[in-house]
Amino acid sequence: MSASAPLLRRAAVEGLGTAALVAVVVGSGIQATELTHDVAVQLLANSLATVFGLGMLIAFLGPVSGAHFNPAVTLAAWFTGRRTGDGPALRDVAAYLPAQVAGAVVGAVLADAMFGKPLVAFSTHERWAGHLWLAEVVATAGLVWLVFGLARAGRTHLAPLLVAAYIGAAYWFTSSTSFANPAVTIGRAFTDTFAGIAPTSVLPFLAAQLLGAAAGLGLVALCFGRPAAAGKDEVVVPHAGQQPVAPARSTEESALA
(Lines of atoms letter the chains of each structure in order from A and count residues from 1; the text may use other names and numbers.)
(Lines give C-alpha, C1' and ligand atoms only; values in the text may rest on other atoms or scores of the structure.)
Protein backbone atom coordinates (compact mmCIF):
# COMPACT_ATOMS: atom_id res chain seq x y z
CA MET A 1 0.00 0.00 0.00
CA SER A 2 1.33 3.44 -0.87
CA ALA A 3 2.42 5.34 2.21
CA SER A 4 1.72 8.64 0.50
CA ALA A 5 -1.78 7.92 -0.84
CA PRO A 6 -4.49 9.58 1.28
CA LEU A 7 -7.31 7.43 2.59
CA LEU A 8 -9.89 9.00 0.28
CA ARG A 9 -7.83 8.08 -2.77
CA ARG A 10 -7.23 4.54 -1.53
CA ALA A 11 -10.93 4.05 -0.82
CA ALA A 12 -11.80 5.39 -4.26
CA VAL A 13 -9.34 2.95 -5.85
CA GLU A 14 -10.91 0.09 -3.90
CA GLY A 15 -14.34 1.11 -5.18
CA LEU A 16 -13.17 1.50 -8.77
CA GLY A 17 -11.23 -1.75 -8.70
CA THR A 18 -14.17 -3.69 -7.31
CA ALA A 19 -16.46 -2.11 -9.90
CA ALA A 20 -14.11 -3.15 -12.68
CA LEU A 21 -13.86 -6.68 -11.29
CA VAL A 22 -17.64 -7.12 -11.12
CA ALA A 23 -18.04 -5.61 -14.59
CA VAL A 24 -15.62 -8.25 -15.88
CA VAL A 25 -17.43 -11.09 -14.08
CA VAL A 26 -20.95 -10.04 -15.07
CA GLY A 27 -20.10 -8.74 -18.53
CA SER A 28 -18.19 -11.86 -19.55
CA GLY A 29 -21.06 -13.98 -18.24
CA ILE A 30 -23.55 -12.08 -20.39
CA GLN A 31 -21.30 -12.28 -23.44
CA ALA A 32 -20.80 -16.01 -22.97
CA THR A 33 -24.51 -16.77 -22.76
CA GLU A 34 -25.16 -14.74 -25.91
CA LEU A 35 -22.48 -16.61 -27.87
CA THR A 36 -23.19 -20.21 -26.84
CA HIS A 37 -25.76 -22.38 -25.10
CA ASP A 38 -23.11 -24.79 -23.83
CA VAL A 39 -22.95 -24.17 -20.07
CA ALA A 40 -19.43 -25.57 -19.79
CA VAL A 41 -18.19 -23.17 -22.47
CA GLN A 42 -20.04 -20.32 -20.76
CA LEU A 43 -18.29 -21.06 -17.47
CA LEU A 44 -14.93 -21.41 -19.21
CA ALA A 45 -15.30 -18.01 -20.87
CA ASN A 46 -16.49 -16.43 -17.62
CA SER A 47 -13.62 -17.88 -15.59
CA LEU A 48 -10.91 -16.98 -18.12
CA ALA A 49 -12.09 -13.37 -18.34
CA THR A 50 -12.10 -13.17 -14.55
CA VAL A 51 -8.57 -14.57 -14.29
CA PHE A 52 -7.17 -12.06 -16.77
CA GLY A 53 -9.14 -9.13 -15.35
CA LEU A 54 -8.34 -9.88 -11.73
CA GLY A 55 -4.63 -10.35 -12.33
CA MET A 56 -4.44 -7.07 -14.21
CA LEU A 57 -6.34 -5.16 -11.54
CA ILE A 58 -4.14 -6.46 -8.71
CA ALA A 59 -0.94 -5.55 -10.54
CA PHE A 60 -2.33 -2.19 -11.65
CA LEU A 61 -3.98 -0.89 -8.48
CA GLY A 62 -2.20 -2.86 -5.76
CA PRO A 63 0.52 -0.22 -5.22
CA VAL A 64 -2.14 2.36 -4.35
CA SER A 65 -4.69 0.64 -2.11
CA GLY A 66 -3.38 -2.89 -1.64
CA ALA A 67 -5.96 -4.15 -4.18
CA HIS A 68 -8.18 -5.90 -1.66
CA PHE A 69 -11.45 -5.48 -3.62
CA ASN A 70 -12.90 -7.81 -1.00
CA PRO A 71 -14.26 -7.07 2.51
CA ALA A 72 -13.11 -10.50 3.71
CA VAL A 73 -9.51 -9.65 2.84
CA THR A 74 -9.77 -6.16 4.34
CA LEU A 75 -11.18 -7.51 7.61
CA ALA A 76 -8.57 -10.26 7.73
CA ALA A 77 -5.80 -7.70 7.15
CA TRP A 78 -7.17 -5.54 9.97
CA PHE A 79 -7.48 -8.52 12.32
CA THR A 80 -3.97 -9.84 11.73
CA GLY A 81 -2.37 -6.40 11.89
CA ARG A 82 -4.27 -4.92 14.83
CA ARG A 83 -1.48 -5.71 17.30
CA THR A 84 1.59 -5.29 15.15
CA GLY A 85 0.31 -2.15 13.46
CA ASP A 86 1.14 -3.35 9.94
CA GLY A 87 -2.47 -3.74 8.83
CA PRO A 88 -5.22 -1.24 8.01
CA ALA A 89 -6.63 0.85 10.84
CA LEU A 90 -10.31 0.80 11.71
CA ARG A 91 -10.85 4.02 9.82
CA ASP A 92 -9.34 2.37 6.74
CA VAL A 93 -11.73 -0.56 7.14
CA ALA A 94 -14.66 1.84 7.58
CA ALA A 95 -13.73 3.52 4.28
CA TYR A 96 -12.81 0.41 2.29
CA LEU A 97 -15.89 -1.72 2.98
CA PRO A 98 -18.57 0.72 1.76
CA ALA A 99 -16.42 1.60 -1.25
CA GLN A 100 -16.06 -2.06 -2.18
CA VAL A 101 -19.79 -2.77 -1.87
CA ALA A 102 -20.79 0.37 -3.76
CA GLY A 103 -18.24 -0.40 -6.44
CA ALA A 104 -19.58 -3.94 -6.85
CA VAL A 105 -23.14 -2.66 -7.39
CA VAL A 106 -21.92 -0.05 -9.89
CA GLY A 107 -19.95 -2.71 -11.75
CA ALA A 108 -22.99 -4.96 -12.12
CA VAL A 109 -25.15 -2.07 -13.34
CA LEU A 110 -22.44 -1.00 -15.79
CA ALA A 111 -22.15 -4.50 -17.24
CA ASP A 112 -25.91 -4.69 -17.73
CA ALA A 113 -25.88 -1.28 -19.42
CA MET A 114 -23.13 -2.32 -21.84
CA PHE A 115 -25.22 -5.24 -23.04
CA GLY A 116 -28.54 -3.43 -23.18
CA LYS A 117 -29.99 -5.18 -20.14
CA PRO A 118 -32.22 -3.51 -17.53
CA LEU A 119 -29.94 -1.39 -15.39
CA VAL A 120 -31.23 -2.82 -12.12
CA ALA A 121 -32.88 -6.23 -12.28
CA PHE A 122 -32.50 -8.33 -9.16
CA SER A 123 -31.31 -11.83 -9.91
CA THR A 124 -33.72 -14.75 -9.85
CA HIS A 125 -30.87 -17.28 -9.73
CA GLU A 126 -31.44 -19.05 -6.42
CA ARG A 127 -28.26 -20.41 -4.84
CA TRP A 128 -29.64 -21.89 -1.64
CA ALA A 129 -28.12 -25.21 -0.59
CA GLY A 130 -25.78 -26.48 2.08
CA HIS A 131 -23.19 -27.73 -0.39
CA LEU A 132 -22.99 -24.25 -1.94
CA TRP A 133 -22.36 -22.67 1.45
CA LEU A 134 -19.66 -25.25 2.18
CA ALA A 135 -18.09 -24.42 -1.17
CA GLU A 136 -17.99 -20.73 -0.23
CA VAL A 137 -16.29 -21.56 3.07
CA VAL A 138 -13.67 -23.57 1.20
CA ALA A 139 -13.21 -20.99 -1.57
CA THR A 140 -12.78 -18.05 0.82
CA ALA A 141 -10.56 -19.99 3.20
CA GLY A 142 -8.26 -20.90 0.33
CA LEU A 143 -8.15 -17.33 -0.90
CA VAL A 144 -7.25 -15.87 2.51
CA TRP A 145 -4.75 -18.68 3.10
CA LEU A 146 -3.05 -17.83 -0.18
CA VAL A 147 -3.06 -14.04 0.18
CA PHE A 148 -1.71 -13.94 3.71
CA GLY A 149 0.53 -16.94 3.19
CA LEU A 150 2.23 -15.08 0.36
CA ALA A 151 2.70 -12.11 2.68
CA ARG A 152 4.22 -14.26 5.43
CA ALA A 153 6.50 -15.98 2.93
CA GLY A 154 7.63 -12.69 1.41
CA ARG A 155 6.16 -13.55 -1.98
CA THR A 156 3.59 -10.79 -2.41
CA HIS A 157 5.03 -9.95 -5.83
CA LEU A 158 3.44 -13.19 -7.04
CA ALA A 159 -0.05 -12.15 -5.91
CA PRO A 160 -1.37 -10.93 -9.29
CA LEU A 161 -0.53 -14.27 -10.90
CA LEU A 162 -1.32 -16.67 -8.06
CA VAL A 163 -4.49 -15.04 -6.73
CA ALA A 164 -5.95 -14.84 -10.23
CA ALA A 165 -4.95 -18.45 -10.89
CA TYR A 166 -6.57 -19.60 -7.65
CA ILE A 167 -9.85 -17.85 -8.43
CA GLY A 168 -9.82 -19.35 -11.92
CA ALA A 169 -9.31 -22.83 -10.48
CA ALA A 170 -11.94 -22.30 -7.78
CA TYR A 171 -14.52 -21.49 -10.46
CA TRP A 172 -14.23 -25.15 -11.40
CA PHE A 173 -13.50 -27.07 -8.22
CA THR A 174 -16.25 -25.47 -6.08
CA SER A 175 -19.96 -26.03 -6.60
CA SER A 176 -20.67 -22.33 -5.96
CA THR A 177 -18.18 -21.19 -8.65
CA SER A 178 -16.24 -19.39 -5.93
CA PHE A 179 -17.79 -16.03 -5.18
CA ALA A 180 -15.40 -15.81 -2.17
CA ASN A 181 -16.11 -12.09 -1.80
CA PRO A 182 -18.94 -10.41 0.16
CA ALA A 183 -18.91 -7.24 -1.96
CA VAL A 184 -18.99 -9.16 -5.24
CA THR A 185 -21.79 -11.34 -3.88
CA ILE A 186 -23.90 -8.27 -3.10
CA GLY A 187 -23.13 -6.70 -6.47
CA ARG A 188 -24.11 -9.84 -8.36
CA ALA A 189 -27.56 -9.72 -6.77
CA PHE A 190 -28.26 -6.65 -8.93
CA THR A 191 -28.07 -8.46 -12.26
CA ASP A 192 -30.50 -11.10 -13.51
CA THR A 193 -27.92 -12.73 -15.74
CA PHE A 194 -25.57 -15.72 -15.81
CA ALA A 195 -23.44 -14.46 -12.92
CA GLY A 196 -26.32 -13.32 -10.71
CA ILE A 197 -27.42 -14.51 -7.30
CA ALA A 198 -30.90 -14.02 -5.91
CA PRO A 199 -31.06 -11.49 -3.04
CA THR A 200 -32.62 -14.18 -0.83
CA SER A 201 -29.46 -16.28 -1.28
CA VAL A 202 -27.00 -13.53 -0.37
CA LEU A 203 -26.94 -13.68 3.44
CA PRO A 204 -25.92 -17.35 3.76
CA PHE A 205 -23.17 -16.73 1.21
CA LEU A 206 -21.89 -13.78 3.24
CA ALA A 207 -21.89 -15.83 6.44
CA ALA A 208 -20.05 -18.68 4.73
CA GLN A 209 -17.44 -16.28 3.31
CA LEU A 210 -16.73 -14.71 6.70
CA LEU A 211 -16.42 -18.17 8.25
CA GLY A 212 -14.09 -19.12 5.43
CA ALA A 213 -11.95 -16.03 6.04
CA ALA A 214 -11.54 -17.02 9.69
CA ALA A 215 -10.65 -20.56 8.66
CA GLY A 216 -8.12 -19.19 6.17
CA LEU A 217 -6.40 -17.17 8.88
CA GLY A 218 -6.25 -20.33 10.97
CA LEU A 219 -4.50 -22.10 8.10
CA VAL A 220 -2.02 -19.24 7.80
CA ALA A 221 -1.19 -19.46 11.50
CA LEU A 222 -0.85 -23.24 11.27
CA CYS A 223 1.46 -23.13 8.26
CA PHE A 224 3.51 -20.00 8.93
CA GLY A 225 3.10 -19.20 12.61
CA ARG A 226 3.01 -15.66 13.92
CA PRO A 227 4.55 -12.95 11.74
CA ALA A 228 8.08 -12.02 12.76
CA ALA A 229 8.78 -8.48 13.92
CA ALA A 230 10.19 -6.27 11.18
CA GLY A 231 13.96 -6.15 11.18
CA LYS A 232 15.99 -3.02 10.66
CA ASP A 233 16.48 -3.84 6.98
CA GLU A 234 12.81 -4.50 6.34
CA VAL A 235 10.53 -1.82 4.94
CA VAL A 236 7.60 -0.67 7.02
CA VAL A 237 4.64 1.33 5.81
CA PRO A 238 3.31 3.69 8.49
CA HIS A 239 -0.32 4.44 9.01
CA ALA A 240 -1.91 7.84 8.58
CA GLY A 241 -0.34 10.47 10.78
CA GLN A 242 3.04 8.74 10.99
CA GLN A 243 6.14 9.61 9.01
CA PRO A 244 7.19 7.04 6.41
CA VAL A 245 10.11 4.81 7.39
CA ALA A 246 10.71 3.51 3.86
CA PRO A 247 8.85 4.00 0.57
CA ALA A 248 7.35 0.53 0.27
CA ARG A 249 4.08 -1.20 0.99
CA SER A 250 2.84 -3.32 3.88
CA THR A 251 3.20 -7.02 3.40
CA GLU A 252 -0.20 -7.71 4.92
CA GLU A 253 -2.01 -5.23 2.65
CA SER A 254 -0.29 -5.68 -0.68
CA ALA A 255 -2.42 -8.45 -2.16
CA LEU A 256 -6.04 -9.06 -2.95
CA ALA A 257 -8.68 -11.26 -2.82
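Taking the numbering used here, the leading residue of the sequence shown gets 4, the next gets one more, and so forth. Even glycine gets a Cβ: it sits at the ideal position worked out from N, Cα and C. The structure displayed is predicted, hence computed values, not measured ones.
Glycine 69 versus valine 25 - alpha carbon distance
18 angstroms
Assuming contact is defined by CB atoms lying nearer than 8 angstroms, are alanine 216 and valine 205 in contact in what I supplied?
In terms of Cβ geometry, alanine 216 and valine 205 do not form a close pair [threshold 8 angstroms].
How do the region 168–176 and the region 64–83 stand: do at least 3 beta-carbon pairs fall below 8 angstroms, yes or no?
no
Check glycine 56 in the structure and name its three-state DSSP category.
helix
Determine the closest residue to alanine 75 out of Leu100, Thr194, Thr159 and Arg155, with distance taken between C-alpha atoms.
It is Leu100.
Among the candidates Arg130, Val28 and Gly221, whose CA atom is the shortest distance from the CA of leucine 60?
Taking only the C-alpha atoms, the option nearest leucine 60 is Val28.
Coil, strand or helix - valine 166 by DSSP
DSSP places valine 166 in the helix class (H, G or I) of the three-state scheme.
Could you say which of Leu165, Trp148 and Gly133 lies nearest to leucine 225 if we only look at CA atoms?
It is Trp148 whose Cα lies nearest to the Cα of leucine 225.
If I'm right that valine 166 touches leucine 57 with Cβ under 8 angstroms, what's the distance once you round it to whole angstroms?
7 angstroms
From asparagine 49 to lysine 120, what distance separates their C-alpha atoms?
18 angstroms
Assuming phenylalanine 118 and glycine 18 make a contact with CB atoms under 8 angstroms, what is their CB distance in whole Å?
Incorrect: roughly 22 angstroms between the Cβ atoms, too far for contact.
Give the straight-line distance between the Cα atoms of alanine 98 and alanine 14, rounded to the nearest whole angstrom.
Answer to the nearest angstrom: the Cα atoms are 6 angstroms apart.
Contact check, alanine 35 vs phenylalanine 197 under 8 angstroms by CB: the rounded distance?
With a contact defined as Cβ atoms closer than 8 angstroms, alanine 35 and phenylalanine 197 qualify at about 7 angstroms.
Assuming isoleucine 170 contacts threonine 188 under a Cβ cut-off of 8 angstroms, what Cβ separation, rounded to an integer in Å, is found between them?
Not quite, the Cβ-Cβ distance comes to about 14 angstroms (not below 8 angstroms), so this is no contact.
Do you know how far the Cα of leucine 209 is from the Cα of lysine 235?
Here the model assigns lysine 235 a pLDDT of 37, short of 50, so the residue's position is not dependable and the matter cannot be decided.
Measure from the alpha carbon of leucine 51 to the alpha carbon of each residue in Pro207, Leu164, Ala156 and Thr159, then state which is nearest.
Leu164
Note down the Cα distance separating serine 178 from glycine 110, rounded to an integer number of angstroms.
Those two C-alpha atoms are separated by around 24 angstroms.
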